[in-house]
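Colleague:
Protein chains: 2
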Amino acid sequence: MEDLYPSRKNNKPEIIERKDPVIHSHPTEKGPLSDEQVNFYQKNGFLQIENFFSEEEVSKMQRGIFELQDSSKDVESDKVIREPQSDEIRSVFHVHNDDEYFKKVTNDQRILDIVHYLLGSDVYIHQSRINYKPGFTGKEFDWHSDFETWHVEDGMPRMRAISLSIALSDNYTFNGPLMLIPGSQNYFVSCVGETPEDNYKESLKKQKLGVPDQNSLRWLAENGGGISVPTGKAGAITLFESNTMHGSNGNITPYSRNNLFLVFNSVENQLVQPFSGGKERPEFIAVREGTRSLSFN
Amino acid sequence: MEDLYPSRKNNKPEIIERKDPVIHSHPTEKGPLSDEQVNFYQKNGFLQIENFFSEEEVSKMQRGIFELQDSSKDVESDKVIREPQSDEIRSVFHVHNDDEYFKKVTNDQRILDIVHYLLGSDVYIHQSRINYKPGFTGKEFDWHSDFETWHVEDGMPRMRAISLSIALSDNYTFNGPLMLIPGSQNYFVSCVGETPEDNYKESLKKQKLGVPDQNSLRWLAENGGGISVPTGKAGAITLFESNTMHGSNGNITPYSRNNLFLVFNSVENQLVQPFSGGKERPEFIAVREGTRSLSFN
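Heads up: the protein sequence lines correspond to chains X and Z, in order. Going by UniProt numbering, 62 is the number at position 62 of the first sequence; the sequence numbering is gapless. Going by UniProt numbering, 72 is the number at position 72 of the second sequence; the sequence numbering is gapless.
1) Give me the subset of the segment 240 to 253 of chain X whose CB atoms are less than 7 Å from a CB atom of chain Z, sorted by chain position.
2) Give me the Cα-Cα distance between isoleucine 65 of chain Z and valine 152 of chain Z, rounded to the nearest whole angstrom.
3) Any C-beta of chain X sitting closer than 8 Å to the C-beta of valine 229 of chain Z?
4) Looking at chain X, which residues of the segment 34 to 53 of chain Z have a Cβ within less than 7 Å of any of its Cβ atoms?
5) Would you list, in chain order, the members of the segment 131 to 159 of chain X that have their beta-carbon closer than 7 Å to a beta-carbon of chain Z?
6) Note down, in chain order, all residues in the segment 161 to 184 of chain X with a beta-carbon under 9 Å from any beta-carbon belonging to chain Z.
7) Can you list, in chain order, the residues of its chain with a C-beta nearer than 6 Å to that of phenylalanine 141 of chain Z? Leave out the 5 residues immediately preceding and following it.
8) Are the C-beta of alanine 236 of chain X and some C-beta of chain Z separated by less than 8 Å?
9) My output table needs one value for methionine 159 of chain Z: the three-state DSSP class, helix, strand or coil.
10) Helix, strand or coil: how does DSSP classify glutamine 207 of chain Z here?
11) When DSSP labels each residue in this structure, what does serine 248 of chain X get in the three-state scheme?
12) Under 8 Å by Cβ, that's how I've got arginine 18 of chain X and methionine 245 of chain X pegged, so tell me the actual separation to the nearest angstrom.
13) Going by other Cβ atoms of all chains shown within 10 Å of its Cβ, with 16 needed for buried, is histidine 126 of chain Z buried or exposed?
14) Just the chain X side, please: which residues come within less than 7 Å of arginine 218 of chain Z by C-beta, in chain order?
15) Leaving out five residues before and five after tyrosine 172 of chain Z in sequence, what residues of the same chain have Cβ atoms less than 8 Å from its Cβ?
16) Skipping 5 residues on each side, what residues in its chain have a beta carbon closer than 8 Å to that of glycine 183 of chain Z?
17) Just to check my reading of the structure: leucine 209 of chain Z and glycine 193 of chain Z have Cβ atoms closer than 8 Å, yes? What is that Cβ distance to the nearest angstrom?
18) Tell whether a beta-carbon distance below 8 Å holds between valine 32 of chain Z and isoleucine 114 of chain Z.
19) Are there three or more Cβ pairs, one per stretch, closer than 8 Å when the segment 177 to 191 of chain X is compared with the segment 264 to 272 of chain X?
20) Could I get the ranges of all uninterrupted alpha helix (DSSP H) runs contained in the segment 12 to 56 of chain Z, with 4 residues as the minimum, in chain order?
21) Can you check whether the C-beta of glutamine 85 of chain Z is within less than 8 Å of a C-beta belonging to chain X?
22) Quick check on lysine 30 of chain Z: buried or exposed, where buried means 16 or more other Cβ atoms within 10 Å of its Cβ?
23) Please classify glutamate 241 of chain Z as buried or exposed, where buried requires at least 16 neighbouring CB atoms within 10 angstroms.
24) Which runs of the beta strand (DSSP E), 3 residues or longer, sit entirely within the segment 52 to 113 of chain X?
25) Mind listing the chain Z neighbours of glutamine 214 of chain X? Cutoff is C-beta to C-beta under 8 Å, in chain order.
26) Report buried or exposed for asparagine 11 of chain X, applying the criterion of at least 16 other Cβ atoms within 10 angstroms of its Cβ.
27) Select from X:Met61, X:Arg8, X:Asn51 the residue whose C-alpha is nearest the C-alpha of asparagine 258 of chain X.
28) Taking the alpha carbon of glycine 135 of chain Z as the reference point, which residue from X:Lys9, X:Leu47, X:Met1, X:Leu217 has its own alpha carbon closest?
29) Where glutamate 50 of chain Z and glutamate 67 of chain Z are concerned, what is the direct C-alpha to C-alpha distance, given to the nearest angstrom?
30) Please specify which runs of the beta strand (DSSP E), each continuous and at least 3 residues long, are wholly inside the segment 107 to 146 of chain Z, giving them in chain order.
31) For glycine 232 of chain X, which beta-bridge partners are listed by DSSP?
32) Please state if the CB of asparagine 265 of chain Z and the CB of valine 95 of chain Z are separated by a distance shorter than 8 Å.
33) Hey, residue 298 of chain X and cysteine 191 of chain X: beta-carbon distance below 8 Å or not?
34) Under 8 Å between the Cβ atoms of isoleucine 162 of chain X and leucine 239 of chain X?
Shown next as structure tokens:
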């Protein structure tokens, strides 16, 4: 298969124009979003919806994530990611499959309707995780396009996936919130370097490969809309296109920042041999196939 | 001299009530600030004034700091502080004395009028520096009370000093701006541990000692006004009381954050033998005496 978005293959970064639509359903199709919301997503590559979940739903999810954090405390697994300088759990992966409660949340019809509309097809879960960004010690997450990683490391061929973050704590400007570069979904930043075989183990703690160069980031921010920081109460959702450039600063405040993070991929965009040119990793294939088997199509 | 604010002497943190007024001039005295500004400072321990300097003045100061950064590039000196993981200059100290231009800025009559009013006496410069927080790689600065450091390490007896930050780049919520805990000026957090003799060399890069415990910080934020993040255009000034708890997150955005930072101390509050119980450091005495000789009294 032709590599439309080559990355980590050269020693010089490059900015490539997007070759896929941002919204994949037919323009005449009516979806669950308002025109204003659709236009915002098309233009900026993300969309926040406040109060998407009720207070009761939020409380239940909050209990759920801390129960899972507690029960994962002593678990040694590729699915449990810890902070670089401590043993605190930073993420628990694959919760849409391993946890009965979060399996239900993932199947929320309101979410699926939106995602079906934006991706213009049936979808399946490419990845799911709970992110715990603790107060005081939460570390920054460097700028990246999720698509770049999924393309190079997981073999996702086209830009037809969407990330959904469900805020499970109040997001302020100061507790390391998600930052996005509006308009960046329209440009693929081809990163320099090659992918070491075991990169996926390290990159979840501290992204090193697939980090765009500073000139490209500056260009994206200057040519796009600067930097956006959606803040709001727990229960808000933020949808962002797979290629929208994002990152977050650290968090020295007492306020933790937790979210449930789901990635939906179109069934028309199923994974192929990774574009890194490297060997597939056996553990990773296992996780991926597990993921595939949960598709909603 | 009695140590009214003991810190780094015990193994248990403690919160001590402030024993000094926040505003030191006589209540009937009229100063250059409005009643609203005075009340804000009294209540919150800080005050921001937008557009304090004109665009022309800002441009001149901006040129000044980059000229100084450039001319300090190869300087090996205790006054030039670099980033922990690179050689980029993070701060240049003592600019009110070493640089003719910044000597003039420091003597700005509008600033001196405000500081005289808040400290209720003549003042002198305790410390001056330019802070460069570069884009992409600017690191966080842990929570601290400046007074705690100056008291323990420099021998500042009472809370009768004020910090002034002149914004020389636009401050957004996302480029690692100053965060303050409103109301924290009224409580002294006695920190644990002892001061190693050469702490001042390391602490300017990455504060380790004099960092309050997490419970005290949480208490301050909950009992005060949470966390405030004054943002605004270059040319704004932020005044904050010596004991107001503050810190800043890192900065992965392309936008640098630079400021000129001046600390004014009351001539009634001159330094004594440091309260750490340790030995004085010869280099430090030299800097301090240089500083004293520039007093405005």
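Glycine included, every Cβ here is placed at the ideal spot set by N, Cα and C.
Modeller: On the basis of the supplied data:
1) Gly247, Asn249, Gly250, Asn251, Ile252, Thr253
2) Their backbone Cα atoms lie some 30 Å apart in a straight line.
3) yes
4) none
5) For chain Z, the residues of the segment 131 to 159 of chain X that bring a beta carbon within less than 7 Å of one of its beta carbons are Phe136, Glu140, Asp142, Trp143, in chain order.
6) Tyr172, Thr173, Phe174, Asn175, Gly176, Pro177, Met179
7) Gly247, Ser248
8) no
9) coil
10) Legend: pLDDT at glutamine 207 of chain Z = 44, less than 50; position of this residue unreliable, value from coordinates given subsequently. If DSSP states are grouped into helix, strand and coil, glutamine 207 of chain Z belongs with coil.
11) For serine 248 of chain X, the three-state secondary structure derived from DSSP is strand.
12) Contact flag wrong, Cβ pair sits at about 12 Å.
13) buried
14) Pro254
15) Thr231, Thr253, Tyr255
16) Lys43, Asn44, Gly45, Leu220, Asn223, Gly224, Gly225
17) 6 Å
18) Checking the sequence shown, residue 32 of chain Z turns out to be proline, not valine. Contact: yes.
19) no
20) Runs of the alpha helix (DSSP H) inside the segment 12 to 56 of chain Z: 35 to 44.
21) Not an interface residue.
22) exposed
23) buried
24) The beta strand (DSSP E) runs lying completely inside the segment 52 to 113 of chain X and spanning 3 residues or more are 80 to 82, 89 to 93, given in chain order.
25) Gly135, Phe136, Pro254
26) Around the beta carbon of asparagine 11 of chain X, fewer than 16 other beta carbons sit within 10 angstroms, so the residue counts as exposed.
27) The shortest C-alpha separation from asparagine 258 of chain X is found at X:Met61.
28) X:Leu217
29) 25 Å
30) Within the segment 107 to 146 of chain Z, the complete beta strand (DSSP E) runs of at least 3 residues are 123 to 133, 141 to 144.
31) X:Asn171
32) no
33) The structure shown does not extend to residue 298 of chain X, since chain X spans only 1 to 297, so no value can be given for it.
34) yes
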